[in-house]
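Peer 1: Order-wise, the sequence lines are chains D and F. Letter by letter, the first sequence follows residues 9 to 354 of this note's numbering. Letter by letter, the second sequence follows residues 9 to 354 of this note's numbering. Using N, Cα and C, we set each Cβ at its ideal position, and we do this for glycine too. I'd like to ask some things about the structure below.
There are 2 protein chains.
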Amino acid sequence: MNKRVTIKDIAKMANASVAAVSMSLNNRPGIGDEKRRKIIEIAKKTGYQPSLVAKALVNKRSYLIGLIIKDISDHFFAELAKGVEDTAKKYGYSTILCTTDGNSKTQEDYFDILCSRGVDGIIISTVVAEDSQIAFLIDEKIPFVCINRIPLIPSLKKKAEYIIMDNYSAGYKGIEHLWKLGHDKIAIITGSLNASNARDSLKGSKAALKKSGIKIPKRYIKEGTYSYREACLICERLLKSKNPPTAVFAHDDNMALGAREAILRSGLAIPKDIALMGIDNIKTGALAGIELTTISQKKYEMGAMGVKILVNRIEERVPHMVEKIVLDAELIIRNTCGYQMHGYRR
Amino acid sequence: MNKRVTIKDIAKMANASVAAVSMSLNNRPGIGDEKRRKIIEIAKKTGYQPSLVAKALVNKRSYLIGLIIKDISDHFFAELAKGVEDTAKKYGYSTILCTTDGNSKTQEDYFDILCSRGVDGIIISTVVAEDSQIAFLIDEKIPFVCINRIPLIPSLKKKAEYIIMDNYSAGYKGIEHLWKLGHDKIAIITGSLNASNARDSLKGSKAALKKSGIKIPKRYIKEGTYSYREACLICERLLKSKNPPTAVFAHDDNMALGAREAILRSGLAIPKDIALMGIDNIKTGALAGIELTTISQKKYEMGAMGVKILVNRIEERVPHMVEKIVLDAELIIRNTCGYQMHGYRR
DNA sequence: AATATATACTGAAACGTTTCAGTATATTTA
DNA sequence: TAAATATACTGAAACGTTTCAGTATATATT
C-alpha cells in the first residue's frame, strides 16, 4: 500500500483539528462555512480518499456483503450474482464472492472469514447449507437472507429471511405439462435432497403424479447433484433399461442439458421420441437447437431482491419484520416436450 | 455486528498483556510455553476470531483482491472469475467482485473503492480499460495484473503485468481454418476495437486473409461489442445483403451464438450453407446441436495464473520481475465449419 | 561472584477514522 | 448588562490489532 493522504494530513494543511476535517467531510454540522469550504477544497486537491478499513473499525460498518454460492460458472448462480452485485453497488456496498463447490467445510470456513471481515450481511444460496451454520449467523446477529433454499429446521426457518421460488408448484407444473401432452412414463432427476428446494420440487411432482393418476416405478426417480455429467449418466442408464421413460423432467436446467446429451447420443430425437424438461430457465436453454421447455427461475431478480431486503435489515430503515418471499413458478414452453408438434392431448 | 470476543478479553482471562496474546496467537517467539498454551486454549474455548479489519489497519494488508470484469453472467468472465476465486481462496485471499458492464465511469469508481478498501491487488479483465486508470494503479503502487487485455500505450504496457491469449494467432488461425475449408467470402465480427485483444485478433485475421490471397469487401468486417443481440443484428444484415458471406468468424463465442441465431432464423443450415466460427470456447458451444468450432481461451487458467502472479507480487516472495504471459491459441474443431463433412479442401 | 546474555513479559504507540465532552467565542434574551 | 444559549472548534478516547522499547528474571560465561 502506498502512503496515502489521511485526515491528519488535511488537518495540518488546513490548520484545523482532525475532528473538524472529519465533520466537514461527512457534512456534519458544527463547522463554519469558511473552514469547511477550505477543508473540502484541500481534500479534493490532494485526492483524499477515506480509508474504508479505518471507518469500518470505528463505525462497525464495512459496507461489505458476502455472497455464498456453489459455483460461479454455473449459469444459475452467475445470474443471481449479477443481481446481487448490481444491487449492492447501487446501495454502496461491495460484494465478496464466496464459492463453496458444494463443500460444507469450505462453506463453514467462509462464514468465519466473512465474520472476521466484519461484513454487514450475507446472501446465501448454496445447496449444502447446513442448518447449524444458519444458527451460527443468527447467533452472531449477522443479517442474512437465503435465496432459493430455506432452513430445514422449523425454528430456524421462522427466524430466517428468504426468497424462494414456489418449488412445489414448479415440480407440480412440470409434471402437469407432461401429462397434458400425453406422457405417463416420466422420469425425474431431482436436486440434492438435503436442500429444501429440491425436496419441495419433488413433493410437487409427486403430488401432480398422484393427481393425474400416473404410477411410475421407483427407479424413475433419481437424486442428482445438479451436475451435468452425472445427470447424463443417470439418463443414459434410464434409457438403456428395459422399460425406458418417454419423458424426463430434470429439476434443474443443467441436469436437463446433461440428460439431453445422453438422449441425443442414444439416437433418440427430442421431442419426437422423448420429451425433456428442466427448471431454471438458463440462457443456454433458449438457444436455437436447444429450446428447452422449463420452469422460470427469476435469478437476477432474486439476487436483487435479496440485497434489497438485506440492506433494509442492515440499515434498519424499515421496522424489522422477517421477510419470506415466494415467487411464482412460470412454465416456459419451448420445443423439448412436443407442445408445438401436437398441443395438449388431454 | 455483535459484541465479539477480542484480544483484550482474552488477555484479561489469561491475565496476560494484549501483546502476549497477539504474539501467542501469531506464534511469534518470546512467550513461554505454559502461558502460550493457556492463551491458545482460551482463544479456542471462547471462539475467538481475529478482526481482519483491525489487522488490515495496522498491517496494511487486507488479504483482499479486487476482480474487475465486464459481466459475471457472461460465460467467459464467469469461468475466469472461478479461476480467480478458487486460487485466491487457496492463498488466503478473498475476492471482491466488481462488474462494470463496460461502463468506464463505473470502472473508475471501482478503482477508487478498491483503493479505499485497501485491497492488496487487482485483477483487471475488462473491455474498456482506460489506460489512464492503469496509470493510476501504477501511481498508487497497487499491484495488478491484466487478463486478456494490455494497455495500449507502450510505456504503460512495459510496466504492466498481463496474461493474454495470443490473440493475433487466434485471429489468424480462424481465417486459416476457414480458408482451408474452401471459404473466401468470410465476414468478421470483431470485438470492441478500443481494447488490445480485439485489435490483435483483427490484425491476425487480416494477415491470414492477405496470406491466403483472399480479398473481402470492407463491409464484411464489422465491429461488435461482445453482445449477443448486436451480433445477431449484424449478421442478419450481412445475410440480407446482395453478396452475403459464406462464413462468419465472430471474434467471441457469444457473438458467434448471436450470429448463429440470425443464420438459423434466415433458414440457412450450419455448416451446409454457411460456416460459423468463434473464439473463447465457452461451455455452451460444446453442447450437442451447437458444436461451435472455436479457438480455445484458457479462461479458468488465466484467472488462476493471474492470482498466482498477483500474490507473488504482493508478497514479494519472488524477486520482482514484470510477468508477461502469452498463451497459445488452440483451434477447437467441432461442427459449424464443415470439417466433418468434407475435411480441408486446400 | 560479578557480568553478560537470553528469555518472558508488559506498556504504550501506532494504524485512520468518529465521536464525545469540553472550551472559547459570539449571539440572543430578559 | 448579565445571563442564557447557540455556534465553532479541539483534544482525547475508542475501535482491535501489531510492534517496539523497555523491564524483570533466569541462565550462561568468565
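Could you give the distance in angstroms between the alpha-carbon of D/Ile-146 and the alpha-carbon of F/Val-13?
Peer 2: Distance between the alpha carbons of D/Ile-146 and F/Val-13: 17 Å.
Peer 1: Determine, using beta carbons only, whether F/Ser-133 comes closer than 7 Å to chain D.
Peer 2: It does not; no Cβ of chain D falls within 7 Å.
Peer 1: So D/Ile-104 packs on F/Ile-104, CB below 8 Å; how close in whole Å?
Peer 2: 6 Å
Peer 1: Applying a beta-carbon distance threshold of less than 9 Å, which residues of chain F neighbour D/Arg-268?
Peer 2: Leu-295, Ala-296 and Gly-297
Peer 1: Which class does D/Cys-243 belong to by DSSP, given the choice of helix, strand or coil?
Peer 2: helix
Peer 1: In chain order, which beta strand (DSSP E) runs of at least 3 residues are fully inside the segment 135–221 of chain D?
Peer 2: 152–155, 169–173 and 194–198
Peer 1: Using a Cβ-Cβ distance under 7 Å, would D/Leu-300 count as near chain F?
Peer 2: No, its Cβ sits nowhere closer than 7 Å to a Cβ of chain F.
Peer 1: Span of the alpha helix (DSSP H) holding D/Ile-104?
Peer 2: For D/Ile-104, no alpha helix (DSSP H) segment is defined; the enclosing uninterrupted segment is the beta strand (DSSP E) at 102–107.
Peer 1: Who are F/Thr-302's beta bridge partners in DSSP?
Peer 2: F/Ile-340
Peer 1: Measure the alpha-carbon distance for D/Leu-295 versus F/Leu-272 and round it to whole angstroms.
Peer 2: 11 Å
Peer 1: Assign D/Arg-27 to one of two classes, buried (16 or more other C-beta atoms within 10 Å of its C-beta) or exposed (fewer than that).
Peer 2: According to the sequence displayed, residue 27 of chain D carries Ala and not Arg. Label assigned to D/Ala-27: exposed.
Peer 1: If we count Cβ pairs, one from each stretch, closer than 8 Å, do we get three or more for the segment 119–134 of chain F versus the segment 334–350 of chain F?
Peer 2: no
Peer 1: Spell out the partners DSSP gives D/Lys-230 in its beta bridges.
Peer 2: D/Ile-197
Peer 1: Quick check: the Cα distance between D/Lys-307 and D/Leu-88, rounded to an integer number of angstroms?
Peer 2: Cα to Cα, the separation comes out at about 5 Å.
Peer 1: Would D/Met-9 pass as an interface residue toward chain F - the criterion being a Cβ-Cβ separation below 7 Å?
Peer 2: In this predicted model, D/Met-9 has a pLDDT of only 45, less than 50, meaning its place in the structure is not dependable enough to derive any value.
Peer 1: Anything in the segment 93–115 of chain F with a Cβ closer than 7 Å to a Cβ of chain D? List those residues in chain order, please.
Peer 2: Glu-93, Ser-102, Thr-103, Ile-104, Leu-105 and Thr-107
Peer 1: Against chain D, which members of the segment 47–59 of chain F pass a CB distance test of less than 9 Å?
Peer 2: Gln-57, Pro-58 and Ser-59
Peer 1: Below 8 Å on the Cβ atoms is my guess for F/Thr-302 versus F/Gly-293; work out the distance and round it to an integer in Å.
Peer 2: 6 Å
Peer 1: In the structure shown, what three-state DSSP assignment does F/Ala-283 receive?
Peer 2: strand
Peer 1: Within the same chain, show all residues whose beta-carbon is closer than 8 Å to that of D/Asn-10, passing over the 5 residues directly before and after it, in chain order.
Peer 2: Low confidence applies here, because D/Asn-10 scores a pLDDT of 48, under 50, leaving its location unreliable; read the following figure in that light. The answer is none, since no qualifying residue turns up.
Peer 1: List, in chain order, every chain F residue whose beta-carbon is nearer than 8 Å to that of D/Asp-120.
Peer 2: Gln-57, listed in chain order.
Peer 1: DSSP on F/Lys-16, reduced to helix/strand/coil?
Peer 2: Helix.
Peer 1: With DSSP collapsed to three states, give me the class of D/Met-9.
Peer 2: Residue confidence for D/Met-9 is low, a pLDDT of 45 falling below 50, so the modelled location carries little weight and cannot support an answer.
Peer 1: Got a sec? Which residues, its chain only, sit under 8 Å from D/Tyr-71 by beta carbon, not counting five neighbours each side?
Peer 2: Leu-60, Ala-64, Gly-100, Tyr-101, Ser-102 and Asp-128
Peer 1: Please confirm if F/Glu-87 has its CB atom under 7 Å from at least one CB of chain D.
Peer 2: yes
Peer 1: Any beta carbon from chain D within less than 7 Å of F/Gly-126's own beta carbon?
Peer 2: So yes, F/Gly-126 belongs to the interface.
Peer 1: Do you know how far the Cα of F/Met-313 is from the Cα of D/Thr-107?
Peer 2: Taking the straight line joining both Cα atoms gives about 18 Å.
Peer 1: Distance check for F/Ala-168 and F/Leu-160, CA to CA, integer angstroms please.
Peer 2: 11 Å
Peer 1: F/Leu-217 and F/Ile-131 - do their beta-carbons sit closer together than 7 Å?
Peer 2: no
Peer 1: Got a sec? Which residues, its chain only, sit under 6 Å from F/Glu-269 by beta carbon, not counting five neighbours each side?
Peer 2: Cys-240
Peer 1: The beta strand (DSSP E) spanning F/Ser-133 covers which residue range?
Peer 2: 129–133
Peer 1: Any beta carbon of chain F sitting closer than 7 Å to that of D/Cys-123?
Peer 2: yes
Peer 1: Can you pull the chain F neighbours of D/Ser-70, defined as C-beta to C-beta under 8 Å?
Peer 2: Chain F residues near D/Ser-70: Val-61.
Peer 1: Interface residues of chain F around D/Ala-64 at Cβ under 8 Å?
Peer 2: Val-61
Peer 1: Report the option in D/Asp-41, D/Ile-48 and D/Glu-338 whose CA atom is closest to the CA atom of D/Ile-15.
Peer 2: Here the closest residue by C-alpha is D/Ile-48.
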